[in-house]
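Going by our numbering, the letters in the sequence shown line up with residues 69 to 135, in that order.
Glycine included, every Cβ here is placed at the ideal spot set by N, Cα and C.
Read through the structure below, which is laid out as structure tokens, and then see the notes.
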Amino acid sequence: MEKIDDLETYQMAALYVNLFGKAVKEAQDEIRKRGLPIVFSKNGKIYYELPNGEITTENPLKNTTNV
């Protein structure tokens with residue numbers, strides 16, 4: 069990771085990281101409220117976090133309609 073020497077640039081980067089983190093958490097909370105899986109990837113592999121907290125590599129929406 070590249071070192072940031074400029075204080076203002078560092079502060080702006082920290083602000084954006086904070087804002088984006090909050091936005092992701094809000095989106096995840098909304099997805100959970102709707103009973104949908106949260107989809108994410110790690111090391112190039114796709115995972116699904118089910119509403120019960122279980123994590124799987126099987127697409128739980130694969131056989132549903134209107135998806």
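What are the boundary residues of the alpha helix (DSSP H) that includes residue i?
i: residue 58; result: Lying outside 69 to 135, the shown extent of the chain, residue 58 is not represented and no answer is given.
Quick check: what's the CA-CA separation for residue i versus residue j?
i: residue 76; j: residue 83; result: 11 Å
i: residue 91; j: residue 130; result: 27 Å
i: residue 116; j: residue 81; result: 29 Å
i: residue 86; j: residue 79; result: 11 Å
i: residue 107; j: residue 128; result: 10 Å
i: residue 100; j: residue 123; result: 13 Å
i: residue 133; j: residue 126; result: 17 Å
By the DSSP assignment, the beta strand (DSSP E) with residue i in it spans what residues?
i: residue 117; result: 113-117
i: residue 110; result: 106-110
Is there a C-beta anywhere in chain B that falls below 9 Å from the one on residue i?
i: residue 101; result: In the structure shown, chain B cannot be found, because there is only a single protein chain.
Check residue i in the structure and name its three-state DSSP category.
i: residue 132; result: coil
Name the one or two DSSP bridge partners that residue i has.
i: residue 124; result: 116
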